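Residue 14 is where the sequence shown starts when you use this note's numbering, and the numbers rise one by one after that.
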Amino acid sequence: MLTPILRSRIDPRLLTHLEPGEQVLWQGQPQSSSFFGPGIVATGVGLIMVGALLAFGLGGHVLTSNMRQLSAILSVLAGLTILIRGWSRRAELWTYAVTDRRLLSVLGRRLIRSVEAPQLDRLGLKIHGNTVYWASLHENQTLTFDKSLLRGPDGKFIGFHGQSDPEAIKTMIEAWRLAMSDRAAVEAKSFVRASAAPGRSNEKNAQGTLGPAEGARRVLHPGTGLTIDVPSQWEVLVSNRREGPLKLFGLTLLPKFIRESEAIPYAPDAEWNKLQVHAAPEAGMSLILSGESLAATPDSVRNDPWTGLTGSEILRIDDNLDFGPFTGFGAVRVLPAGARIRSNEALSAPAIHRQIWLQGAGLSLEIQGYALESQADIQKAIEAMIASLGMSDRSF
């Protein structure tokens with residue numbers, strides 16, 4: 014079982030990259046020569062020697078003087094580049110860590126990788142030699158929408174290099190990820206129990222508004238007064254999402270194109286129209302807020318082509334839903350293992366997908382929640398979050 018490391022024993026190079034309250038559960042380094050070993054030294058020195066030989070006349074009967082001098086310079090520069098690059102990322106400069114939130118790779122004082130558990134859903138864990146990695150970059154890969162997959166000093170394999178027991182490290186990371194799901198289930202059960210506690214109707218504040226349950230965090234949309242309660246330990250991110258045509262030089266390339274800002278941690282004064290709650294590596298909820306009327310209907314959901322394309326199965330359609338000032342409809346689906354959700358994450362097992370469309374108070378809401386079939390407590394917590402929807406007078 015991973016346990017927090019005392020702060021006094023944490024590598025100082027990690028400390029500056031830790032978030033408030035973040036705990037280091039494991040830290041390590043690559044073995045010597047992982048990034049700068051005999052092979053790199055031999056290659057670099059060999060190129061420099063070739064350059065020196067060219068400068069002193071090697072190839073004199075084949076190359077012109079100018080070509081020989083240029084080749085000598087390029088060979089020496091290539092050799093020096095390999096040696097300098099290898100030395101600047103030698104094993105002693107790297108620090109790896111597993112925290113209670115993510116995986117970290119630090120080179121010197123620079124944060125190279127920060128990978129959260131949900132990202133491993135689609136990347137997976139593999140072993141190559143003594144490296145435990147979650148992504149392998151192609152030689153021509155230069156563009157990615159995932160910043161954690163940009164090319165870096167760790168080379169082709171993105172992960173923890175130079176491990177003496179890679180199988181143990183892989184097992185540790187898998188256990189770490191599973192523990193996060195187990196912890197989320199406990200938090201979900203507590204949230205559901207507190208939300209349904211007897212006497213909650215008597216817990217209104219001075220403005221007559223029911224306060225959040227014990228262990229819950231109230232999220233407020235500052236522009237409208239919309240509120241929703243979430244388990245206080247779960248990560249809440251917000252962003253701004255815009256829909257509209259994609260145009261180029263006045264021509265409409267796509268009639269509907271979605272642009273979304275980078276998600277940031279929720280703050281009471283943050284402006285947003287999309288909310289994301291991360292419960293566990295393969296469970297969470299999103300809420301999109303709009304001032305426009307709902308385009309979806311129960312019939313359009315029943316007959317949408319998305320069901321067949323994803324291999325999902327509609328378990329039921331709820332035609333008449335009522336949550337506080339909002340009314341609407343919803344659907345419950347089963348998504349098969351391997352289905353992609355949140356655009357890019359492939360599920361490791363079948364999941365329950367909850368969809369709800371609501372209107373009220375001049376707003377329309379689109380809500381999606383999902384959790385693996387085995388995560389019944391988290392599914393109940395998603396329903397409890399939706400049931401907590403309300404409107405505040407924004408005076409508190």
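Don't be surprised by glycine CBs; every beta carbon is placed ideally from N, CA and C. Since we're looking at a predicted model, the values are computed, not measured.
Within 10 Å of its beta-carbon, does His-141 have 16 or more other beta-carbons around it, so buried, or fewer, so exposed?
So His-141 counts as exposed.
For the alpha helix (DSSP H) containing Leu-124, name the first residue and the last one.
Where Leu-124 is concerned, there is no enclosing alpha helix (DSSP H), although the beta strand (DSSP E) it sits in stretches over 123 to 129.
Could you pull the DSSP bridge partners for Ser-361 from this structure?
In DSSP, Ser-361 forms no bridge with anything.
Cβ-heavy atom distance between Gln-372 and the ligand MG below 7 Å?
This structure lacks the ligand MG, and indeed carries no ligand of any kind.
Ignoring anything shorter than 3 residues or poking outside the segment 304 to 378, list the beta strand (DSSP E) runs there in chain order.
Runs of the beta strand (DSSP E) inside the segment 304 to 378: 326 to 336, 339 to 348 and 364 to 373.
Cutting at 8 Å between CB atoms, please list the residues of its own chain near Pro-294, excluding the five before and the five after it.
These residues qualify, in order along the chain: Ala-130, Pro-131, Leu-133, Asp-134, Arg-190, Met-193 and Ser-194.
Considering Cα atoms alone, identify which of Glu-105, Thr-112, Arg-231 and Asp-113 is closest to Arg-122.
Out of Glu-105, Thr-112, Arg-231 and Asp-113, Glu-105 has the C-alpha closest to the C-alpha of Arg-122.
Using 10 angstroms around the beta-carbon of Ser-299, count the other beta-carbons present and answer buried if the total reaches 16, otherwise exposed.
So Ser-299 ends up on the buried side.
Would you mind stating whether Thr-240 and Met-404 have Cβ atoms separated by less than 8 Å?
A contact, by the Cβ cut-off of 8 Å.
Does the separation of the CB atoms of Leu-348 and Ser-325 fall below 8 Å?
Contact: yes.
Decide yes or no for the touch test of the segment 77 to 85 against the segment 102 to 119: beta carbon pairs closer than 8 Å, at least 3 of them.
Because the criterion of three Cβ pairs below 8 Å is not met, the segment 77 to 85 and the segment 102 to 119 do not touch.
Within 8 Å, do at least three Cβ pairs link the segment 315 to 325 to the segment 335 to 348?
Cβ pair count under 8 Å is three or more, so yes.
Determine the DSSP secondary structure at Thr-240, reduced to helix, strand or coil.
DSSP places Thr-240 in strand when its eight states are reduced to three.
With DSSP collapsed to three states, give me the class of Gln-392.
If DSSP states are grouped into helix, strand and coil, Gln-392 belongs with the helices.
Could you give the distance in angstroms between the alpha-carbon of Arg-315 and the alpha-carbon of Pro-43?
Going by the C-alpha atoms only, they are around 53 Å apart.
Can you tell me whether Asp-167 is buried or exposed, with buried defined as 16 or more other CB within 10 angstroms of its CB?
Flag for Asp-167 reads buried.
Classify Glu-227 as helix, strand or coil using the three-state DSSP reduction.
Reduced to three states, the DSSP call for Glu-227 is coil.
Quick check on the burial criterion: 16 or more other C-beta atoms within 10 angstroms. Buried or exposed for Ile-97?
Looking at its Cβ environment, which holds fewer than 16 other Cβ atoms inside 10 Å, Ile-97 is exposed.
At the level of alpha carbons, what is the spacing between Leu-60 and Ile-53?
Spanning the two alpha carbons is a distance of roughly 11 Å.
Less than 8 Å between the C-beta atoms of Ser-377 and Ser-306, yes or no?
Yes.
How should Thr-144 be labelled, buried or exposed, when 16 other C-beta atoms within 10 angstroms of its C-beta is the threshold for buried?
Under this definition Thr-144 is a buried residue.
Count the other CB atoms, across all protein chains shown, that sit within 10 Å of the CB of Asp-335; report buried if there are 16 or more and exposed otherwise.
Burial call: exposed.
So Trp-285 is in the alpha helix (DSSP H); what residue range does that whole segment cover?
Careful: Trp-285 lies outside any alpha helix (DSSP H) and carries neither H nor E.
What whole-angstrom Cβ distance do Arg-2 and Gly-343 have, given they're in contact under 8 Å?
Lying outside 14 to 409, the shown extent of the chain, residue 2 is not represented and no answer is given.
So, for Ile-391: in the same chain, excluding its five sequence neighbours on each side, which residues have a beta-carbon less than 7 Å away from its beta-carbon?
The residues are Ala-197, Ala-198, Ala-201, Ala-292, Ala-293, Ala-296 and Ala-384.
Closer than 6 Å by C-beta to Leu-371: which residues in its own chain qualify, once you throw out the five before and the five after it? Chain order, please.
Cβ within range, chain order: Phe-339, Gly-341 and Leu-378.
Using DSSP's beta-bridge definition, name the partner residues of Ile-301.
For Ile-301, which the question treats as bridged, DSSP gives the partners Lys-287 and Glu-379.
Is the separation between the beta-carbon of Lys-169 and that of Leu-150 shorter than 8 Å?
Contact flag set, yes.
Taking DSSP as the reference, what is the three-state secondary structure of Phe-48?
In this structure, Phe-48 counts as coil in the three-state DSSP scheme.
Given that a residue counts as buried once 16 or more other Cβ atoms are within 10 Å of its Cβ, and exposed if not, what is Gly-476?
The structure shown does not extend to residue 476, since the chain is modelled only from 14 to 409, so the question has no answer here.
Could you please give the first and the last residue of the uninterrupted alpha helix (DSSP H) stretch that includes Phe-204?
Here the alpha helix (DSSP H) through Phe-204 covers 179 to 208.
Please go through the segment 79 to 114 and give each complete beta strand (DSSP E) segment of 3 or more residues, from N-terminal end onward.
The segment 79 to 114 contains these whole beta strand (DSSP E) runs: 107 to 112.
Out of Glu-248, Ile-86 and Met-62, which one is the CA nearest neighbour of Glu-32?
Closest by alpha carbon: Glu-248.
Need the endpoints of the beta strand (DSSP E) that Leu-38 sits in, please.
Its beta strand (DSSP E) spans residues 37 to 41.
Near Ser-245, which residues of its chain fall below 7 Å by C-beta distance, leaving aside the five closest residues on each side in sequence?
Answer for Ser-245: Gly-228, Ala-229 and Arg-230, listed in chain order.
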